[in-house]
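Since the structure comes first, as structure tokens, the remarks are kept for the end.
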Amino acid sequence: MYQHDVLIIGAGLAGLRAAVEAARMGVDAAVITKVHPIRSHSNAAQGGINAPMTDRGDEWEGHALDTIKGSDYLADQDAVELMSREAGDAIIELEHMGVIFSRNEDGQLGTRRFGGQKVARTFYVGAITGSAMLQVLYEQAVKLDVNIYEEWFVSNLIIEDGACHGVMAMNIHTGELHMIRAKAVIMATGGAGRVFEPSTNALICTGEGLGLAYRAGAPLMDMEMIQYHPTTLAGSGILLSEAARGEGAYLLNSDGERFMKTYAPDYLELASRDVVSRSEQTEIDEGRGIDGNIHLDLRHLGRTFIEERLGYLQEVAVEFVGIDLADDPIPIRPGMHYIMGGIKTDVDGATEVPGLYAAGETANVSVHGGNRLGANSLLDTVVFGRRSAVAAAEYAKSAERFSSDESMLQSEQARYQALLDRPADLRASAVRRDMGESMVAGIGVYRDQNSIDAATAKIKELRGVYSRVAVDNKGKVFNTDLMSAIELDYMLDVAQAVCAGADARKESRGAHFRTDMPDRDDENWLKHTLVYKDGDGSRVETNDVTITDWTPIERVY
Amino acid sequence: MEQTLRVKRYDPENPGSAGYQEYTVEVTDTTTILDALLTVREEMDGTLSMRCSCRASICGSCAMRVNGQAKLVCKTRVNSVAPDGETITIDPAGNMPVIKDLVVEFKPFWDKMRAITPYLQPEGEVPEAEYLASDDEMVHLVGVVNCIQCGACVSDCTVLEVDSSFLGPAALAKAYRFVKDPRDGHQKDRLGALNESSGVWDCTRCMQCVEVCPKDVNPMGRIMAMRDLAMEVGYNNTSGSRHTESFARTVKKNGRLDETRLAVDSMGIFNIPALLAEAPVGLRAIRKGKFPWKAHKSSEPNKVKRVFEKIEGE
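Those protein sequence lines, which keep their order, are chains E and G. Counting in the numbering used here, the first sequence runs from 1 upward without gaps. Counting in the numbering used here, the second sequence runs from 558 upward without gaps.
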């Protein structure tokens, strides 16, 4: 029998940071992950991690204000304050653990500039910051001998008397289904990018963590806030880091003009991501694109600089599209990248379901509000990953017992068996593609009631045909076909929640820009949307944004 | 255009069916091998198992053999290996047991990573702020931290093929990352451990790891650098280190290599059991006329000596 005081689902930066904290606290903690920790999608974060370092004259208030303004005043200001205040220590701790951050001439940590901020406060490792951090947190987990269920797929939560008591999961190597009991569970499953097509996200970013919490009764908050990153490759949607613009790259339209001067005269290419993506989309829509793209131009930075500071970008450009960034501009466009929305938590990761915590992209604290600043996601993972572990460990101490109910495992087994027994009909991949393309079309950079209604109807239709999804693979060992079918079940829930949030918010704010309601409405909508699962559908409630020191004003870059 | 993939299949629940299966898919100039395999899995045959995730050469999931050589298939375009549409053969990564189809058991890989004490071990007082270090030292390490632990080097390592105890190129590259980290306080202990059997001296310098690494980590170069570092800090009592020194000494002296001397020096002149163990090789060499009874000499040994003096003087 498997049981732990604290079980962490997901081994990206939030999950591993939580695991390290729990191990330090001496609680019996374990991590369960469908891929090896090193394969987690945190490794794809490129540009860096923000932190105001007070010892070098960058006060936390500056970072907090930039974050709040970036969020279009939808972030909860108490949570942002906490993140900004803890940021400096978090960076130093990572450095002490072994992250090889770039340095300045004095041997101190060096910084680069990132979007939505005038101060260079982004700490980085070339263009592989996420990967470098993930490796180090995994090293620490190894050092602390954290118990890790590698390549186990969590397909359901154990919910008893309204509280979370662990998970049901398949060992991918054997196909066997097990109950893993826990007094507290931390959801650290990352984003849900694959609900959209294309997306910068890895194929594993299927968002079942969101779906699991949603079904357990936890509300998903501000799900309409979908970040479209300004610089992604056409077709595949592969990401080119904001670090390119942070280091001075230009965005050019078909006239070779730095068009951002029209939209964000002060910040230019380094305005907030929602602003830059909308500007690009407008240029493309008004006929100033280049085959439906915009040019990202790094040529003036020079080859040596590009290869040293942005090596991974050069690798992607050369390998995937055959373009040498030192010689030619590269065509890019806005692409789905990040979900600001997520499982509603308090500043300690607690959700509305007792025993269930969440941290990282899957959670919504909320520190990103309507639009996340580049390099704030890594900060979010380490700050709130740590805090959620402290709270979950405390909760576990007071929790009386482990669940003893075995019946849930049988119904979970029946769910798997039904998929395996169904004769060939629809493939999960076909439904997923249909869903993804409808979501980008309906809940895109620009949206309106018609597009939202169309996406909503499509998702409803696809939910209707889900019962016809069948798998080719009937085997036990490494049955990724079966996993995809189960993931799709949760992805459809996430898609539905995104549509519900988008439909509910009758204004434009941050990444949610409605061409039929183009203005921000602070009078009625300084509010979070909370989507609850309600029977086959959902119910949307709202909740006031926490405002402390920063009164919402017009947002200009 | 159409492209045929010949994919190795293996199902542990039906081992008799193991073999190659061909699939033909539509591809363009920019289609990667991973794209093609995903088309197979998603549109033709869901029974195909493989690991893949980021599609952008950063997660390290999809190393497999393409026409016999390890590659990260997400960053390998179809037309780069089959410019004229030749059939492409896909096998699972080598040197690791196959679980199913293109999925291999990575446990030995991760166990070796664990074996090199894979975390920073600073010594002395922990500073309040960051450790001070030069950017050059850190940028140098980025070259190794670039390793995504995909296992391509391990797949094609020719030593691992015959000796599974070898730590292997990936774990040794990882070890280098700590040996060269100015913040680590255990350089000598680390080198001491790596100096043992299965460590840095077991590499045969075949270059395969350098060739197949999709991230230019240069594992073999790191291994060679650690040999030098191990000798510099005083670990001279290995056959590898003696071999290196004897090699240099005889070339410096004669302008050419003295193979006999090399063998004796490497084993150690008083290491009778090891020398006896080498005797059959010596006898076979004599029989084939390949045993130089007298050391070869260069016609101009002084020129070689001057090269040595110049390098040593630098």
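Even glycine gets a Cβ: it sits at the ideal position worked out from N, Cα and C.
Residue i at chain E interface by Cβ criterion, 7 Å
i: Gln706/G; result: yes
i: Ala593/G; result: no
i: Arg747/G; result: no
i: Gly603/G; result: yes
i: Cys619/G; result: no
i: Asp785/G; result: no
i: Glu872/G; result: In the structure as shown, chain G starts at 558 and stops at 871, and residue 872/G therefore has no counterpart that could be examined.
i: Arg932/G; result: Nothing in the structure corresponds to residue 932/G, since chain G is present only between 558 and 871.
i: Ser722/G; result: no
i: Lys628/G; result: no
i: Lys657/G; result: yes
i: Glu869/G; result: no
i: Ile615/G; result: yes
i: Ser537/G; result: Since the first and last residues shown for chain G are 558 and 871, residue 537/G lies out of range.
i: Glu599/G; result: yes
i: Ser574/G; result: no
i: Glu570/G; result: yes
First and last residue of the uninterrupted beta strand (DSSP E) at residue i
i: Thr542/E; result: Gly537 to Asp544
i: Gln578/G; result: Gly576 to Glu583
i: Asp297/E; result: Ile294 to Asp297
i: Leu591/E; result: Residue 591/E is absent from the model: chain E starts at 1 and stops at 557.
Close beta carbons around residue i, own chain, < 6 Å, minus the five adjacent residues each side
i: Ala79/E; result: Val347, Val365 and Val367
i: Tyr490/E; result: Glu208 and Gly211
i: Ser755/G; result: Ser722, Phe723 and Leu724
Where the alpha helix (DSSP H) containing residue i begins and where it ends
i: Ser377/E; result: Asn376 to Ser398
i: Lys261/E; result: Met260 to Tyr263
i: Val623/G; result: No alpha helix (DSSP H) holds Val623/G; the beta strand (DSSP E) holding it covers Ala620 to Val623.
i: Asn147/E; result: No alpha helix (DSSP H) contains Asn147/E, which is instead part of the beta strand (DSSP E) from Asn147 to Glu150.
i: Gln744/G; result: Gln744 to Leu751
i: Ala842/G; result: Ile829 to Arg844
i: Arg303/E; result: Arg303 to Arg309
i: Gln417/E; result: Ser407 to Asp421
i: Thr345/E; result: Segment: none, Thr345/E is in no alpha helix (DSSP H) and carries neither H nor E.
i: Asp648/G; result: Looking at the DSSP string, Asp648/G is not in any alpha helix (DSSP H); the run it does join, the beta strand (DSSP E), is Ile645 to Pro649.
i: Ala728/G; result: Gly725 to Val736
i: Tyr466/E; result: Counting along the chain, Tyr466/E falls outside any alpha helix (DSSP H), and DSSP gives it neither H nor E.
As assigned by DSSP and simplified to three states, the class of residue i
i: Asp5/E; result: strand
i: Glu160/E; result: strand
i: Asp434/E; result: helix
i: Asp534/E; result: strand
i: Phe666/G; result: helix
i: His96/E; result: helix
i: Tyr138/E; result: helix
i: His36/E; result: coil
i: Pro572/G; result: helix
i: Asn450/E; result: helix
Neighbour flag for residue i against chain G, beta carbons, 7 Å
i: Val471/E; result: yes
i: Ser71/E; result: no
i: Asn43/E; result: yes
i: Glu139/E; result: yes
i: Phe153/E; result: no
i: Gly107/E; result: yes
Residues near residue i in its chain [Cβ-Cβ closer than 8 Å; skip 5 each side]
i: Lys809/G; result: Val861, Lys862 and Phe865
i: Phe804/G; result: Leu814 and Leu819
Residues of its chain near residue i, where Cβ-Cβ distance is below 7 Å and the 5 sequence neighbours each way are ignored
i: Met517/E; result: Lys506, Glu507 and Ser508
i: Glu150/E; result: Thr33 and His36
i: Leu698/G; result: Arg734, Lys737 and Asp738
Below-7 Å beta-carbon distance, residue i vs any chain A residue
i: Met695/G; result: This model lacks chain A altogether; the protein chains it does include are E and G.
Three or more C-beta pairs below 8 Å linking the region 4 to 13 of chain E and the region 130 to 144 of chain E: The region 4 to 13 of chain E vs the region 130 to 144 of chain E: in contact.
Any 3 or more C-beta pairs closer than 8 Å across the region 577 to 588 of chain G and the region 448 to 464 of chain E: The region 577 to 588 of chain G makes no contact with the region 448 to 464 of chain E, as fewer than three CB pairs between them are under 8 Å.
Inter-stretch contact (C-beta, 8 Å, three-pair minimum) for the region 312 to 321 of chain E and the region 396 to 411 of chain E: Fewer than three beta-carbon pairs drawn from the region 312 to 321 of chain E and the region 396 to 411 of chain E are found closer than 8 Å, and the two stretches are therefore not classed as touching.
Cβ contact check for the region 170 to 179 of chain E and the region 122 to 135 of chain E: 3 or more pairs under 8 Å: Cβ pair count under 8 Å is below three, so no.
Stretch pair the region 413 to 421 of chain E + the region 33 to 48 of chain E: three plus CB contacts closer than 8 Å: no
Cβ pair count under 8 Å reaching 3, the region 190 to 202 of chain E against the region 221 to 238 of chain E: yes
Three-pair Cβ contact test at 8 Å for the region 486 to 501 of chain E versus the region 520 to 538 of chain E: The answer is yes - the region 520 to 538 of chain E touches the region 486 to 501 of chain E, with three or more Cβ pairs under 8 Å.
contact_flag[the region 300 to 310 of chain E, the region 328 to 339 of chain E] where n(CB pairs < 8 Å) is 3 or more: no
The region 261 to 268 of chain E contacting the region 351 to 366 of chain E, beta-carbon criterion three pairs below 8 Å: Touching, no, given that fewer than three Cβ pairs across the two stretches are closer than 8 Å.
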